[in-house]
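Just below is one structure, and these are the notes that go with it.
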Amino acid sequence: MAALTQASWPQQDLLRRVASALNIARRTIETLGLEGYREAVPTEDSFGPDKPLAETAMLLYVVDTIDAPTRKELRHGELCLALAPLARSPCTALAIALHPTICFQLAMPHILLTRLGLEDPHFDRGLAFSAGSMASRGREFLPHRTLESCWLRSLWSATPPGPEFARAAAHSVLGHPLDLLWGSRDDAYAYTHTCMYFTDFGRHPRPLPRARAELVAESTGLLLRSLLMEDFDLAAEVLMTWPLLAADWTPAAAFGFRVLAELEDRAGYLPAGNGVPEKFHHLAGAERTRYALAAAYHTAYVMGMLCALAVSPGRCPPPAIAGPLAPVSLIESLLGLLPVTDTPWQITFRNLQPMEQQALAPALLHLALQAKISRHDLSGTAGLLDIAAQHGMADTPVCAQAAQLLQRVAACAAR
Amino acid sequence: MQAIRHQEIVERFLQSKAIDFNALGKFVAENGPGIAASGIGDYGVRFGHYNILACFNIGPIDVRLDQFARRSEMAAEVTGAREAVNGH
Chain U
4 MAALTQASWP QQDLLRRVAS ALNIARRTIE TLGLEGYREA VPTEDSFGPD KPLAETAMLL
64 YVVDTIDAPT RKELRHGELC LALAPLARSP CTALAIALHP TICFQLAMPH ILLTRLGLED
124 PHFDRGLAFS AGSMASRGRE FLPHRTLESC WLRSLWSATP PGPEFARAAA HSVLGHPLDL
184 LWGSRDDAYA YTHTCMYFTD FGRHPRPLPR ARAELVAEST GLLLRSLLME DFDLAAEVLM
244 TWPLLAADWT PAAAFGFRVL AELEDRAGYL PAGNGVPEKF HHLAGAERTR YALAAAYHTA
304 YVMGMLCALA VSPGRCPPPA IAGPLAPVSL IESLLGLLPV TDTPWQITFR NLQPMEQQAL
364 APALLHLALQ AKISRHDLSG TAGLLDIAAQ HGMADTPVCA QAAQLLQRVA ACAAR
Chain X
26 MQAIRHQEIV ERFLQSKAID FNALGKFVAE NGPGIAASGI GDYGVRFGHY NILACFNIGP
86 IDVRLDQFAR RSEMAAEVTG AREAVNGH
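Chains U and X supply the protein sequences, listed in that same order.
Residue 4 is where the first sequence starts when you use the numbering used here, and the numbers rise one by one after that.
Residue 26 is where the second sequence starts when you use the numbering used here, and the numbers rise one by one after that.
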């Protein structure tokens with residue numbers, strides 16, 4: 004790790020991580036770009052080529068915000084050229100013709116490559132035909148999917164999104180508080196993707212459906228829960244919230260970035276979860292490579308996007324964690340409420356400077372709260388809320404939702 | 026409450042006669058050479074000043090090393106590098 008003496012995380016380190024993600028992207032489209040990943044017996048791990056191609060296009064779109072000379076060093080243009088024929092394959096053109104209701108989603112790589120300067124008028128005419136057909140609006144979408152369609156249509160037509168865009172954002176999880184205690188992974192991903200589409204991956208700051216501070220506080224709760232559950236894919240997507248919203252990096256967010264960066268350095272790439280999938284060890288040769296990339300590329304991409312966004316001025320995480328210092332006794336007390344394990348967040352925490360640890364009391368409180376609630380330890384939850392109130396740390400969405408949880412359960416018990 | 030001393034634990038354990046030392050000796054005599062030659066784990070009996078341990082398996086020499094090796098293999102496949110891991 005670079006010395007933590009600068010005000011911002013070292014640019015060269017961020018760019019190194021972007022380069023690593025682009026390297027994995029090259030391997031991914033070479034290996035999975037034609038057929039995706041399918042097993043002999045279809046499982047939930049299987050996917051078609053459209054998924055990695057679309058996500059590769061998103062990565063390239065985000066990296067495009069970096070200055071041109073650096074992009075050239077990263078061989079960004081070469082990867083765009085490699086992606087183009089795959090993104091505009093006859094199969095994709097046919098799928099767009101057959102399914103007008105999702106034509107923009109299917110054409111996402113084409114649309115993003117066009118925005119990056121690689122046009123294809125012939126393919127575009129096919130998309131226009133599908134987008135203008137009678138059935139093109141005939142599917143029921145969740146709000147974040149509507150937002151996605153509006154965003155893609157806006158990019159394709161090079162016009163600002165209309166009122167439907169703002170309505171979809173207001174009705175999405177961006178417009179209402181997330182369930183930070185028991186919410187599903189799907190809702191969490193809806194939240195992160197809504198942030199991406201609503202801000203056009205940080206390119207267009209817009210008036211948010213709710214106060215930025217509120218969204219940052221919720222993102223903090225979501226981030227810490229992700230770290231606790233060792234879901235590093237979700238943690239990296241949540242961390243994108245800070246550069247996407249141009250929000251100041253909080254101590255918890257700075258800590259979260261450090262956890263992921265150190266894990267990426269230890270593992271050689273950022274894994275989706277802790278440990279290696281058991282299945283990997285039963286495969287060999289090309290099938291092993293395919294499986295490894297299928298399992299790992301998405302999280303590696305997200306880390307690449309996060310670092311590319313962080314390169315922009317004013318959006319870089321700090322190298323050191325700074326904030327109001329809690330008493331050491333409080334830190335020790337909160338740590339004592341969490342089982343000691345070798346989970347990545349604890350490995351990083353143990354190696355922090357003492358003052359950095361003391362700046363993370365609210366984060367430790369959140370981790371302890373989430374741990375108690377996940378085990379239905381309501382008595383423990385109440386005890387932690389008491390500690391939070393005593394130390395002025397209760398003014399967070401997680402604490403508020405925990406308090407309301409206890410109220411609801413108490414009301415049940417009183418019946 | 027005053028903590029019980031290790032010495033007292035051992036004395037109480039011996040007085041309980043929970044272990045038949047004659048049978049234990051017979052077991053070690055019959056199986057010891059084979060276990061020693063197997064090179065797998067660490068089975069057997071240890072007597073010490075503070076403890077008596079019997080028929081234990083320490084397990085892999087270092088679980089962290091085993092996980093490290095597995096993670097390196099995965100990283101090599103993902104990144105295409107031979108030595109993908111910088112260090113643990």
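No residue lacks a Cβ here, since even glycine has one placed at the ideal position from N, Cα and C.
Bridge partners for residue i per DSSP, in chain order?
i: F46(X); result: The partner list for F46(X) (beta bridge, DSSP) is empty, contrary to what the question assumes.
i: A40(U); result: Note that residue 40(U) corresponds to Tyr in the displayed sequence, not to Ala. Bridge partners of Y40(U): F50(U).
Keeping to the same chain, check which residues put their C-beta closer than 8 Å to that of residue i; ignore five residues upstream and five downstream.
i: L155(U); result: F107, Q108, A110, M111 and I114
i: L121(U); result: C83, L84 and A87
i: L293(U); result: Here residue 293(U) turns out to be Arg, not Leu, going by the sequence shown. Closer than 8 Å at the Cβ level, and outside the excluded window around R293(U), lie T34, L35 and Y40.
Could you check whether residue j and residue i sit closer than 8 Å to each other, using their CB atoms as the reference points?
i: S152(U); j: P103(U); result: no
i: L183(U); j: L225(U); result: yes
i: A250(U); j: R215(U); result: yes
i: S315(U); j: P246(U); result: yes
i: H284(U); j: R95(X); result: yes
i: V65(U); j: L312(U); result: yes
i: R20(U); j: C402(U); result: no
i: G39(U); j: P13(U); result: no
i: A413(U); j: L388(U); result: no
i: L333(U); j: A364(U); result: yes
i: A270(U); j: A48(X); result: no
i: G205(U); j: A24(U); result: no
i: L211(U); j: A239(U); result: no
i: W348(U); j: L242(U); result: no
i: L89(U); j: H79(U); result: no
i: L328(U); j: L368(U); result: no
i: R30(U); j: G105(X); result: yes
i: A193(U); j: L145(U); result: yes
i: P163(U); j: W252(U); result: no
i: L227(U); j: A366(U); result: yes
Please return the same chain residues whose Cβ sits closer than 6 Å to the Cβ of residue i, not counting the five positions on each side in sequence.
i: T59(U); result: A28, I32 and L86
i: I324(U); result: P254, A257, F258, E359 and A362
i: F81(X); result: The predicted position of F81(X) is uncertain, since its pLDDT is 45 and thus under 50; a value taken from the coordinates is nonetheless stated next. So the list is empty, once near-sequence residues are dropped.
i: N76(X); result: Note on N76(X): pLDDT 47, under 50, position unreliable in the model; no value is reported.
i: S11(U); result: C319
i: I376(U); result: L184 and T384
i: E221(U); result: L181 and P400
i: E265(U); result: T351
i: A96(U); result: G129
i: L158(U); result: I114 and R118
i: T244(U); result: C198 and S222
Quick check on the DSSP output: the alpha helix (DSSP H) that includes residue i runs from which residue to which?
i: T244(U); result: T244 to L247
i: L97(U); result: P93 to L101
i: Q407(U); result: P400 to A417
i: F201(U); result: R188 to F201
i: T302(U); result: G288 to V314
i: P180(U); result: Careful: P180(U) lies outside any alpha helix (DSSP H) and carries neither H nor E.
i: E425(U); result: The question about residue 425(U) has no answer here: the residues shown for chain U are numbered 4 through 418.
i: H174(U); result: P166 to H174
i: L145(U); result: Segment: none, L145(U) is in no alpha helix (DSSP H) and carries neither H nor E.
i: R228(U); result: R215 to L231
i: N26(U); result: Q14 to L35
i: V262(U); result: P254 to A270
i: D128(U); result: Reading the sequence as shown, one finds Arg at residue 128(U) and not Asp. Start and end: P124 to A134.
i: Q360(U); result: P357 to Q361
i: S377(U); result: A364 to S377
i: H207(U); result: Unbroken run through H207(U): none, as it is neither H nor E.
i: I69(U); result: Unbroken run through I69(U): none, as it is neither H nor E.
i: H79(U); result: H79 to A90
i: H2(U); result: Residue 2(U) is absent from the model: chain U starts at 4 and stops at 418.
Given residue i, which residues of its chain have a CB within under 7 Å of its CB, disregarding the five upstream and five downstream residues?
i: D236(U); result: A275, H301, T302 and V305
i: L341(U); result: L370, A371 and A374
i: L150(U); result: F168, A171, A172, S175, T197, Y200 and F201
i: G141(U); result: T104
i: S49(U); result: Y40, R41 and E42
i: T73(U); result: L18
i: L234(U); result: Correcting the residue type first, residue 234(U) is Asp in the shown sequence and not Leu. Excluding sequence neighbours, D234(U) sits near G276.
i: A100(U); result: G129 and S133
Is residue i close to chain A? Criterion is C-beta to C-beta, closer than 8 Å.
i: H284(U); result: The structure shown contains no chain A; its protein chains are U and X.
Taking any Cβ of chain X, which residues in the stretch 291-302 of chain U have a Cβ under 7 Å from it, in chain order? Listed by position, the residues of the stretch 291-302 of chain U near chain X (Cβ gap below 7 Å) are R291, T292, A295, L296 and A299.
Please list the residues of the stretch 23-52 of chain U that have a C-beta atom closer than 8 Å to any C-beta atom in chain X, keeping them in chain order. S23, N26, I27 and R30
Along the stretch 249-280 of chain U, where does the CB come closer than 9 Å to a CB of chain X? Name the residues. D268, R269, A270, G271, Y272, P274, G278, V279 and P280
What residues in the stretch 93-107 of chain X bring their beta carbon closer than 8 Å to a beta carbon of chain U? R95, R96, S97, E98, M99, A100, A101, E102, V103, T104, G105 and A106
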